[in-house]
Amino acid sequence: MDKTSILDMAMGAIKERVDYEMGHIVDNILDPNTPPNKKRKLTLTLEFTPDAERQTIQVSVTAKAALCPTNPISTSLYVTGDPATGLAQAVETVPQVPGQTSLDGMEQEEPKVLKFKQA
948 MDKTSILDMA MGAIKERVDY EMGHIVDNIL DPNTPPNKKR KLTLTLEFTP
998 DAERQTIQVS VTAKAALCPT NPISTSLYVT GDPATGLAQA VETVPQVPGQ
1048 TSLDGMEQEE PKVLKFKQA
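In the numbering used here, each number is its position in the sequence shown, counted from 1, plus 947.
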């Protein structure tokens, strides 16, 4: 009888799950929004539950990928008062004066404004 691996059991489904999670890991590595040099991890958990007579063993296998989160995105907000109401608001800072055209021909949009209700 040829020796076989536990990974070959379940009609190849265990290897299939490993390959499935490996696809997620490769996609995460290739994603430009994740850090390129951080470690990713694939955990394979095998649980064995024997019956009372120790004749049969129920095997449960879980494959889980630990991926890198995407890189953080940051912006800056300037807290000021709304000229019309005097209530506090936060205005996103933009690189140029709104309406001004940059050297590459792009016009600076108006900044986003978060208005707050007074308590």
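Every residue, glycine too, gets a C-beta built ideally from N, C-alpha and C. All figures in this text were calculated on a predicted structure; none of them were measured in a lab.
Which whole-angstrom value is the C-beta distance of residue i and residue j, which I expect to be below 8 Å?
i: Ile972; j: Leu989; result: 6 Å
i: Val1026; j: Ala1035; result: 6 Å
i: Glu1039; j: Leu1024; result: 6 Å
i: Ala1037; j: Leu1061; result: 4 Å
What are the residues that DSSP puts in a beta bridge with residue i?
i: Pro997; result: Ile1004
i: Ala1013; result: Lys988
i: Leu1024; result: Glu1039
i: Thr951; result: Answer is none; Thr951 lacks a bridge partner.
i: Lys1059; result: Its beta-bridge partners do not exist; DSSP assigns none.
i: Thr1048; result: Glu1054
Looking only at C-alpha atoms, which of the options sits nearest to residue i?
i: Leu1014; options: Arg987, Glu1054 and Ile1020; result: Arg987
i: Arg964; options: Pro997, Gln1002, Leu991 and Pro1016; result: Leu991
i: Glu994; options: Asp1029, Ile953 and Thr1022; result: Ile953
i: Gly1033; options: Ala999, Asp949 and Phe1063; result: Phe1063
i: Lys985; options: Thr951, Pro1016 and Ile961; result: Pro1016
Report yes if the C-beta distance between residue i and residue j is below 8 Å; otherwise report no.
i: Pro1058; j: Asn1018; result: no
i: Glu1054; j: Thr1048; result: yes
i: Glu996; j: Gln1005; result: It should be noted that the sequence gives Thr, not Glu, for residue 996. Their beta carbons are under 8 Å apart, which means Thr996 touches Gln1005 by this criterion.
Tell me, please, whether the segment 1002 to 1010 touches the segment 1041 to 1052 by the rule of three or more beta-carbon pairs shorter than 8 Å. no
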